[in-house]
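Chains as they are written, first to last, in my numbering: chain A, 67 to 428; chain B, 102 to 421. The block underneath contains the structure these notes are about, expressed in structure tokens.
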Amino acid sequence: MARIELNNIEKFFGSVQVLKNVSLTIEDGEFVVMLGQSGCGKTTMLRAIAGLETVSSGTITIDGREVQDLKAADRDIAFVFQSFSLYPHMTVEENIAFPLRAVRSSKADRVAEVKEVAKFLGIERLLPRRPSALSGGDMQRVAIGRALVRRPQALLMDEPIGALDAKLREQMRAEIKRLHIARNSTSVYVTHDQVEAMSLADRIVVMHDGVLQQVGAPNEVYLHPANLFVAQFVGSPVMNIADVAVEGSGTDALLRVGRSEGFRVPTATVSHLNGSPAKLGIRPEAVLLSREPGEGFETETTNVEPLGSHDIVDVRVGDETLRARCDSGFARGDGEKVWVTLDPARAHFFDAQTGQSLRRTA
Amino acid sequence: MAEVKTTREVVMNRAAIAAVFVALIVMLTPIYWIASTAFKPRSLATTAPPTVFFEPTLTPFAKLFVRRSQMREPVDQETYDAAPWWEQLIYDDGESVVRNRRSGEITPSGYWDRYKNSLIISIISTFLAVSMGTLTAYGFSRFKVKGENDWLFFILSTRMLPPVVVAIPMFLMYRAVGLHDTHLGLIILYTAFNLSFSVWIMKGFIDEIPREYEEAALVDGYTRLQAFIKIVLPEALTGIAATAVFCFIIAWNEYAFALMMTNRNAQTAPPYIPSQVGSGLPDWSVIAAGAFLFLLPVAIFTFLLRNHLLRGMSFGAIRK
């Protein structure tokens with residue numbers, strides 16, 4: 067297994083720059099998930115590591131060896147495609163053995179290795195079948211088997227479970243995690259699904275427009291998003307973003323969201339803002355609703371989404387709408403009177419111009 | 102097949118079946134005609150109305166392969182008994198096999214040589230056109246080629262004028278460089294004709310093969326050539342088979358250039374068969390026998406590849 071280093075990677079497709087000065091180190095045995103919308107450059111990044119795409123400038127090293135000019139075949143990494151990409155004219159066994167035949171290992175070795183991997187993935191009974199006779203999940207297990215059989219330096223996965231249905235995705239997610247823990251393989255995983263990223267990653271790399279937006283552990287990315295993009299991309303439902311004005315001084319400050327009455331918060335939580343124009347970011351679980359008069363101010367619900375385990379309730383705050391996460395059955399419909407307040411400890415502030423997070427320096 | 106329910110659908114269905122039968126009769130009648138004439142004795146070949154029931158004979162085939170002459174007097178019994186069965190058939194028809202005066206060997210008619218030429222030229226040119234076409238198509242399909250669309254249009258444009266238009270300049274050039282009446286000459290010509298067709302058809306097929314197949318192989322330690330041979334070729338087999346059938350049929354049936362560019366050495370069967378009509382009183386059943394044998398390779402080749410062809414025709418429609 068190996069440590070992968072990307073240094074100042076740039077990539078142009080014609081005049082379009084898809085990777086902008088990307089530098090990243092993936093530690094030995096680490097599971098890194100590249101997260102971003104389609105077209106953000108994450109797949110190009112992965113393909114560049116694999117050698118399926120050349121880079122315009124910058125270096126890629128695997129265990130200290132510069133590989134950016136090497137052919138894919140010489141980099142000793144494995145790649146799992148979203149489309150599974152199993153060879154239809156070969157059986158499952160032949161598919162898994164295919165990478166071993168490239169290194170001309172003996173037939174007996176091949177059979178043994180294929181058996182071992184198949185056993186590990188629980189697909190032994192599928193070995194004589196053709197890929198066309200497999201279910202989606204089994205196809206991906208075979209594809210992963212084909213990737214693992216050679217014991218590569220690193221395992222690269224490009225939305226490997228994106229083509230599966232929701233239930234199977236969840237199951238495969240758990241399997242991929244188990245596999246990573248068992249093999250401790252350096253893994254780079256590309257997805258646009260933030261749930262997948264959160265559940266699998268040791269570290270998440272959020273990409274947008276060819277630029278790394280934030281690199282960090284799932285919790286860190288969730289709790290301390292570096293900028294507005296990350297804040298809105300990670301987390302479901304999406305973080306509320308609203309223009310905010312901070313007024314008052316003394317012990318309490320007033321957070322005026324969307325020209326509303328404003329939320330009273332301890333000054334210490336907003337003192338770092340210095341009055342510059344800012345945006346408030348607050349996750350639905352930090353928007354607190356109450357049926358009883360109390361802190362905050364009175365408003366009414368505008369929309370309720372019952373989701374079973376909890377409800378998402380929209381409330382008007384001035385001329386903005388905030389989404390709140392409530393216990394299921396909290397509100398019965400639109401137009402109900404509720405009292406809304408915010409948890410100031412979980413409020414995020416972003417520079418209105420740059421979108422960068424304004425964090426307390428304490 | 103769609104389930105047939107209403108009266109209207111039943112009627113439409115019957116009509117469709119009837120139409121297929123009519124088409125079948127129209128298409129198969131000439132083949133039946135040639136095939137039946139090939140097995141008729143000479144006297145029944147040109148009767149009007151045509152003879153439908155007759156005792157089939159192999160005489161036309163026996164006559165097809167050797168040079169014969171009319172006998173002035175009947176053959177003596179001893180020679181007749183000593184002759185092999187096929188020569189007896191020819192004696193029965195009042196003709197004798199022309200033999201070399203000194204060695205006594207029979208003189209072949211020239212049909213087999215032409216047939217062999219047809220096979221050699223068609224098979225080699227088909228192989229060349231399909232293999233070159235597949236490689237070219239792979240290049241166009243997988244790599245960024247500068248002016249790709251212009252190149253492809255240029256390749257297609259070689260098919261846009263009727264080949265016969267260039268026949269006379271081609272003839273003069275071939276004579277100048279000594280390719281006239283050679284196997285190589287016709288092989289080059291037919292390969293060139295079929296290449297554009299082959300490139301376009303194969304590009305369609307190769308475009309349909311997901312790039313990820315090769316990329317997976319590339320990452321797994323194979324070179325691009327190995328990936329092409331081990332992954333792309335097996336996947337493209339259907340397309341290759343379909344393209345090969347079409348190229349083979351075009352090369353096998355080609356008449357105009359074969360007539361113009363060859364006269365003896367490399368002449369193929371298409372110009373030879375009709376030339377027999379002109380030599381003396383036409384023996385239609387022998388000509389029919391020649392045409393019938395000429396039909397066989399294409400029929401066999403197509404039959405062997407029929408499964409690939411069926412898949413090939415519906416390729417793209419059912420794949421995704």
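Just so you know, even glycine gets a beta-carbon here, dropped at the ideal spot from N, CA and C. Since the model is a prediction, treat every value here as computed from it, not as a measurement.
- request: Could you tell me which chain A residues have their CB closer than 9 Å to the CB of Glu110 (chain B), listed as they occur along the chain?
  value: Below the 9 Å Cβ cutoff, chain A contributes no neighbours of Glu110 (chain B), its closest Cβ being approximately 33 Å away.
query: Can you tell me the Cα-Cα spacing of Gly156 (chain B) and Thr138 (chain B), whole angstroms?
result: Here residue 156 (chain B) turns out to be Glu, not Gly, going by the sequence shown. Glu156 (chain B) and Thr138 (chain B): Cα-Cα distance of roughly 11 Å.
query: Heavy atom of the ligand ATP less than 7 Å from the Cβ of Leu338 (chain B), yes or no?
result: As for the ligand ATP, it is missing from this structure, which has no ligand bound.
field: Inter-stretch contact at 8 Å, needing at least 3 Cβ pairs: the region 240–260 of chain B / the region 301–308 of chain B
entry: Yes, they touch.
Boundaries of the alpha helix (DSSP H) in which Val399 (chain B) is found, first to last residue: Where Val399 (chain B) is concerned, the enclosing alpha helix (DSSP H) stretches over Trp385 to Leu405.
task: Check each candidate in A:Asn73, A:Pro350 and A:Phe79 and name the one with the smallest Cα separation from Ser89 (chain A).
output: Measuring from the Cα of Ser89 (chain A), the nearest candidate turns out to be A:Asn73.
query: Pairing CB atoms from the region 182–198 of chain B with CB atoms from the region 164–172 of chain B, are three or more of them under 8 Å?
result: Verdict: yes, contact present.
task: List the DSSP bridge partners of Asn87 (chain A).
output: DSSP, once it has assigned bridges, lists no residue as partnering Asn87 (chain A).
- request: Report yes or no: is there a C-beta of chain A within less than 8 Å of the C-beta of Leu319 (chain B)?
  value: Yes, contact with chain A.
- request: May I have the straight-line CA-CA distance separating Gly362 (chain A) from Arg330 (chain A), to the nearest angstrom?
  value: Computed Cα separation, rounded: 7 Å.
task: Compile a chain-ordered list of the residues in the region 235–249 of chain B whose CB is closer than 8 Å to at least one CB of chain A.
output: Within the region 235–249 of chain B, no residue has its Cβ closer than 8 Å to any Cβ of chain A.
- prompt: How is the alpha helix (DSSP H) around Asn295 (chain B) delimited, first residue to last?
  reply: Bounds of the alpha helix (DSSP H) holding Asn295 (chain B) are His284 to Glu309.
field: Beta-carbon spacing of Arg391 (chain A), Glu351 (chain A) below 8 Å
entry: The answer is yes: Cβ separation under 8 Å.
- request: With a floor of 3 residues, list each beta strand (DSSP E) that falls wholly inside the region 79–159 of chain A, ordered by position along the chain.
  value: For the region 79–159 of chain A, whole beta strand (DSSP E) runs of length 3 or above, ordered along the chain, are 82–92, 97–101, 123–128 and 143–146.
Nonlocal neighbours in the same chain, by C-beta distance under 8 Å from Glu425 (chain B), ignoring five residues either side: This structure gives no information on residue 425 (chain B), because the portion of chain B shown stretches from 102 to 421.
query: Using a Cβ-Cβ cut-off of 6 Å (strictly less than) and excluding sequence neighbours within five positions of Ser226 (chain B), which residues of its own chain qualify?
result: Here the set comprises Ile288, Tyr291, Thr292 and Ala352.
- prompt: Are any of the Cβ atoms in chain B nearer than 8 Å to that of Phe147 (chain A)?
  reply: Yes, contact with chain B.
task: Using beta-carbon positions only, say whether Gly203 (chain A) and Met238 (chain A) come within less than 8 Å of one another.
output: Against a cut-off of 8 Å, the Cβ pair of Met238 (chain A) and Gly203 (chain A) comes out as a contact.
message: Is Arg216 (chain A) close to chain B? Criterion is C-beta to C-beta, closer than 8 Å.
response: Chain B contact via Cβ: present.
task: Starting from the beta carbon of His258 (chain A), find every residue of chain B whose beta carbon is closer than 8 Å, and list them in chain order.
output: Simply none; closest approach about 18 Å.
message: Under 8 Å, Cβ to Cβ, is there at least one residue of chain A near Glu336 (chain B)?
response: Yes, Glu336 (chain B) counts as interfacial toward chain A.
message: So, for Arg412 (chain A): in the same chain, excluding its five sequence neighbours on each side, which residues have a beta-carbon less than 8 Å away from its beta-carbon?
response: Excluding sequence positions up to five before and after Arg412 (chain A), its CB lies within less than 8 Å of the CB of Ile348, Arg349, Glu351 and Ala352, all in the same chain and listed in chain order.
message: Mapping the DSSP letters down to three states, classify Asn250 (chain A) as helix, strand or coil.
response: Reduced to three states, the DSSP call for Asn250 (chain A) is coil.
query: What residues in its chain sit with their C-beta under 8 Å from that of Glu196 (chain B), if we drop five residues either side in the sequence?
result: Hits under 8 Å: Lys164, Arg169, Ser170, Gln171 and Met172.
- request: Could you list the residues in the region 154–185 of chain A with a C-beta less than 8 Å from some C-beta on chain B, going in chain order?
  value: Against chain B - using a Cβ distance shorter than 8 Å - the residues of the region 154–185 of chain A are Pro154, His155, Phe164, Pro165, Ala168 and Val169.
- prompt: Where does Gln219 (chain A) land, buried or exposed, given buried means 16+ other C-beta within 10 angstroms?
  reply: Label assigned to Gln219 (chain A): buried.
- prompt: Are the region 359–371 of chain B and the region 169–184 of chain A touching, with three or more C-beta to C-beta distances below 8 Å?
  reply: No, the region 359–371 of chain B is not in contact with the region 169–184 of chain A.
- prompt: Taking one C-beta from the region 296–305 of chain A and one from the region 261–273 of chain A each time, how about it: are there three or more such pairs within less than 8 Å?
  reply: They touch, by the three-pair rule.
query: Can you round the beta-carbon distance between Glu313 (chain A) and Thr367 (chain A) to whole angstroms, since I take them to be within the 8 Å contact cut?
result: With a Cβ gap of about 26 Å, Glu313 (chain A) and Thr367 (chain A) do not count as contacting.
task: Determine the contact status of Asp224 (chain A) and Val261 (chain A), defining contact as a CB-CB distance below 8 Å.
output: Not closer than 8 Å, so no.
task: Can you check DSSP and say which residues form a bridge with Leu346 (chain A)?
output: Leu346 (chain A) is bridged to A:Ala308 and A:Phe415.
- prompt: Considering only C-alpha positions, which residue in the set A:Val370, A:Gly374 and A:Phe396 is nearest to Arg389 (chain A)?
  reply: When each option's Cα is compared against that of Arg389 (chain A), the closest is A:Val370.
field: Integer Cβ distance of Ala230 (chain B) from Lys304 (chain B), believed to fall under 8 Å
entry: The pair is not a contact, with the Cβ atoms about 14 Å apart (cut-off 8 Å).
task: Within the same chain, show all residues whose beta-carbon is closer than 6 Å to that of Ser122 (chain A), passing over the 5 residues directly before and after it, in chain order.
output: Glu76, Lys77 and Phe78.
- prompt: So which of A:Gly316, A:Ala311, A:Thr333 and A:Asp318 has the shortest CA-CA distance to Arg325 (chain A)?
  reply: The shortest C-alpha to C-alpha distance from Arg325 (chain A) to any of A:Gly316, A:Ala311, A:Thr333 and A:Asp318 is the one to A:Ala311.
message: Using beta carbons (cut-off 8 Å, strictly below), is Thr324 (chain B) in contact with chain A?
response: Output row for Thr324 (chain B): interface = yes.
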